[in-house]
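What follows is a set of notes on a single structure, which appears directly below.
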Amino acid sequence: MRNIHCKVFGHDYKVTRHVTYHVKEYTCKNCRRELTTNGNGNLIELTPKFREINDVLERIHYKRILRLNKHRSNQTQKKSTLRIA
Ligand SMILES: [Zn+2]
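Numbering-wise, the sequence shown is residues 259 to 343 according to the working numbering.
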């Protein structure tokens with residue numbers, strides 16, 4: 259009965275996934291209960307529906323980071339070219 263620990267001491271959540279900078283998924287390491295952050299920054303139960311939403315969010319977030327990195331490396335290249343010239 260691992261849930262007894264949670265009832266007495268409360269859940270012991272660990273971040274299991276970084277979806278975006280603001281949205282994360284948490285799992286209680288005792289009872290495996292899962293939570294996520296919703297659009298308002300509140301913690302809510304991680305239902306299959308929210309897991310789906312997080313999958314989409316993660317994909318959008320990842321693409322944005324890729325684009326930013328690409329943009330940044332282009333700028334660095336330009337700067338170093340200027341320095342050489
Ligand atoms: Zn728990």
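Virtual Cβ for every residue (Gly too), placed ideally from N, Cα, C.
By the C-beta criterion, the segment 283-298 is judged not to be in contact with the segment 314-330, since fewer than 3 inter-stretch pairs fall below 8 Å.
By the Cβ-count criterion, phenylalanine 267 is exposed, with fewer than 16 other Cβ atoms from all chains shown falling within 10 Å of its own Cβ. With a threshold of 7 Å, the Cβ atom of histidine 269 counts as near ligand 1, since some heavy atom of the ligand is closer than that. Relative to the Cα of lysine 307, the nearest Cα in the group Leu293, Ile318, Tyr320 and Gly299 belongs to Leu293.
The straight-line gap separating the alpha-carbon atoms of histidine 263 and leucine 304 is approximately 21 Å. Within the same chain, Val277, Val281, Glu283 and Thr294 come within 7 Å of asparagine 312 by CB-CB distance, once the 5 residues on both sides are set aside.
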